[in-house]
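Peer 1: Below: one structure in structure tokens.
Shown next, in the form of structure tokens:
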């Protein structure tokens, strides 16, 4: 309603301004000059014309005002209609507003659920990436990777996933883990390459025992996870371990017998340590010249003990045979010689006869007891020499520590190990010599006891013969 009124106000103001200017011009004092000759209108005519124009303008203004009032009523009616329509719309929107609030609440609940599920999925993604990374690091240390080189790249891809893992990714990780678990319980033979001690790559049949040990016909192989290669160490374990290094049928082959395998749970560390362990000759060399002396004395004592044991066993057999034939004595055994000499004694004095028998038995003792004291001496000297070598070795070890410091434990441990080898050799020599000495002494005592028994029997028989005529 106010729009048309606003547009006519500038026009009315302009008309009023023009009327005011004309009035001022008419009322201004001017010299009255009668110009009857010109054709210009007079003042009365101008006044009439001005009144006529004002009447026309007033009529126009009244018409405009009437039109404006009519338009105002029309606009008022439209305003009432709009308000009524607005009220109706508001009344009709109330159920929709309630529905909107309900839907908004549901949307918020769904958004919260999505957020919670998103947290769970992010946790799943983190757990999956962690397990994939740990599995990749663990399987890189496994020699099974030699047969499946592509799984390392696959595990790296799974560990580097930035999005949620798919079902295919979960199944891939599960299959790789199950594959490793299955391979850990099998003995598999396959063709592969390894680097020998000279640095040359060789292709040969390889045998893998679970996820622990790999070997070829040339010996045990060490798996290098950094390069995923096999290396044959120059230092191999002792021969008793190498006996198991031979061609083997794959696990599960029909007719396969139960076998014993060398399994290194540390995947090469124990075999490498065994390879660096000194052999027997190296141990003896560590003992130095004192160890050589101990072994030489042990060898002499062993030969002497074997000789005495063999001799005494032979004499025991001859004496046992002589016991079965006492009436036909033989000079080839101590008992036979005692019997022969006892038969040649011609004396009636019993004490003299007993002295003669004792003299005969004593004459046999040197041959039966020869070498016993020397064996005993060697058994006593060997540990003393070992102790001497240990003391000198410890002195050298502490001298090296004083020169180079104790920063390297291997230096001290190696020196002590070498120093103790002489004690070990001394005990190894002394213990068998002690048993040998005891056995030799028991054999000789048994023979001497039998000679004493037989000499006592001879003396008793002579007493019976001498006492029989008097009765």
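Numbering (the working numbering), first residue to last: 647 to 1117.
The C-beta atom is built at its ideal place from N, Cα and C for all residues, glycine as well.
The structure presented is a predicted model; accordingly, all values stated were derived computationally and were not measured.
On the three-pair Cβ rule with 8 Å, is the segment 948-958 touching the segment 1081-1096?
Peer 2: Counting Cβ pairs under 8 Å, three or more are found: they touch.
Peer 1: State the DSSP-derived secondary structure class of residue 1017, mapped to helix, strand or coil.
Peer 2: Here residue 1017 refers to the residue found at position 371 of the chain shown. Three-state result, residue 1017: coil.
Peer 1: For residue 838, which residues does DSSP report across the bridge?
Peer 2: On the chain shown, residue 838 is found 192 positions in, with the first residue counted as 1. DSSP output for residue 838 lists 850 as bridge partner(s).
Peer 1: From what residue to what residue does the alpha helix (DSSP H) around residue 757 run?
Peer 2: For the purposes of this step, residue 757 is identified with residue 111 of the chain shown, where counting begins at 1. It spans 689-786 - the alpha helix (DSSP H) in which residue 757 sits, taken as one unbroken run.
Peer 1: Out of 823, 700 and 1102, which has the shortest C-alpha to C-alpha gap to residue 985?
Peer 2: As a working mapping, residue 985 is identified with position 339 in the chain shown. When each option's Cα is compared against that of residue 985, the closest is 1102.
Peer 1: What does the Cβ neighbour count give for residue 951, buried or exposed, with the cut at 16 atoms within 10 Å?
Peer 2: Start at 1 with the first residue of the chain shown, and residue 951 comes out as number 305. Per the 10 Å Cβ criterion, buried.
Peer 1: In the DSSP output, which residue or residues are listed as bridge partners for residue 859?
Peer 2: By 1-based counting over the chain shown, the position of residue 859 is 213. Bridge partners of residue 859: 855.
Peer 1: With distance defined between alpha-carbon atoms, name the residue in 861, 845 and 822 nearest to residue 833.
Peer 2: As a position in the chain shown, residue 833 is number 187, starting the count at 1. The shortest Cα separation from residue 833 among 861, 845 and 822 belongs to 861.
Peer 1: Taking just the CA atoms, how far does residue 1029 sit from residue 1096?
Peer 2: Position 450 of the chain shown, counted from the start, is the residue given in the question as residue 1096. Position 383 of the chain shown, counted from the start, is the residue given in the question as residue 1029. Computed Cα separation, rounded: 35 Å.
Peer 1: Short of 7 Å in beta carbon distance, which residues of its chain neighbour residue 877, apart from the five on each side in sequence? Order them along the chain.
Peer 2: Taking the chain shown and counting its residues from 1, one reaches residue 877 at position 231. Result list for residue 877: 840, 841, 867, 868 and 870, in chain order.
Peer 1: So, is residue 620 buried or exposed, given that buried needs 16 or more other C-beta atoms within 10 angstroms?
Peer 2: Residue 620 lies beyond the residue range present for the chain, which begins at 647 and ends at 1117; the question has no answer from this structure.
Peer 1: With distances taken from CA atoms, which of 881, 977, 805 and 1075 is nearest residue 936?
Peer 2: Here residue 936 refers to the residue found at position 290 when the chain shown is read from its first residue. If we check each option's Cα against that of residue 936, 1075 comes out closest.
Peer 1: Here's a check: name, in chain order, each residue in its chain whose Cβ is nearer than 6 Å to the Cβ of residue 779, leaving out the five neighbours to either side.
Peer 2: What you label residue 779 is simply residue 133 of the chain shown in a count that begins at 1. Within the same chain, residue 779 has close Cβ partners 805.
Peer 1: Whole angstroms are fine: how far does the CA of residue 947 sit from the CA of residue 1002?
Peer 2: The count along the chain shown starts at 1 and reaches residue 1002 at position 356. The count along the chain shown starts at 1 and reaches residue 947 at position 301. C-alpha separation (whole angstroms): 35 Å.
Peer 1: Residue 961 and residue 1093 look like a contact to me (Cβ under 8 Å); what is the Cβ gap, rounded to whole Å?
Peer 2: Against the chain shown, residue 961 aligns to sequence position 315. Against the chain shown, residue 1093 aligns to sequence position 447. Sure, about 6 Å apart at Cβ, within 8 Å.
Peer 1: Buried or exposed, going by whether 16 or more other CB atoms sit within 10 Å of the CB of residue 899?
Peer 2: To locate residue 899, count along the chain shown from 1; it is residue 253. Any reading at residue 899 must be qualified, since the residue scores a pLDDT of 45, below 50, and its modelled position is unreliable; the value itself is stated next. Answer is exposed; the Cβ neighbour count stays below 16.
Peer 1: Can you look up residue 1027 in the DSSP assignment and give me helix, strand or coil?
Peer 2: Numbered from 1 along the chain shown, position 381 holds the residue referred to as residue 1027. Here residue 1027 sits in helix by DSSP.
Peer 1: Could you tell me which residues DSSP puts in a beta bridge with residue 869?
Peer 2: Counting from 1 along the chain shown, the entry for residue 869 is found at position 223. Residue 869 is bridged to 876.
Peer 1: DSSP beta-bridge partners for residue 833?
Peer 2: Counted from its first residue, the chain shown places residue 833 at position 187. Per DSSP, 855.
Peer 1: State the DSSP-derived secondary structure class of residue 913, mapped to helix, strand or coil.
Peer 2: Here residue 913 refers to the residue found at position 267 when the chain shown is read from its first residue. Three-state DSSP puts residue 913 in coil, outside helix and strand.
Peer 1: What residues in its chain sit with their C-beta under 6 Å from that of residue 1022, if we drop five residues either side in the sequence?
Peer 2: On the chain shown, position 376 is the one that residue 1022 refers to. Only 1083 meet the Cβ criterion.
Peer 1: Is the beta carbon of residue 1010 less than 8 Å from the beta carbon of residue 980?
Peer 2: For the purposes of this step, residue 1010 is identified with residue 364 of the chain shown, where counting begins at 1. For the purposes of this step, residue 980 is identified with residue 334 of the chain shown, where counting begins at 1. A contact, by the Cβ cut-off of 8 Å.
Peer 1: Can you give the Cα-Cα distance for residue 915 and residue 784, rounded to whole angstroms?
Peer 2: Position 269 of the chain shown, counting from 1, holds the residue named residue 915. Position 138 of the chain shown, counting from 1, holds the residue named residue 784. Looking at the two C-alpha atoms, the distance is approximately 16 Å.
Peer 1: Out of curiosity, what's the CA-to-CA distance linking residue 818 and residue 788?
Peer 2: Residue mapping note: residue 818 aligns to position 172 of the chain shown, counting from 1. Residue mapping note: residue 788 aligns to position 142 of the chain shown, counting from 1. Whole-angstrom Cα-Cα distance: 18 Å.
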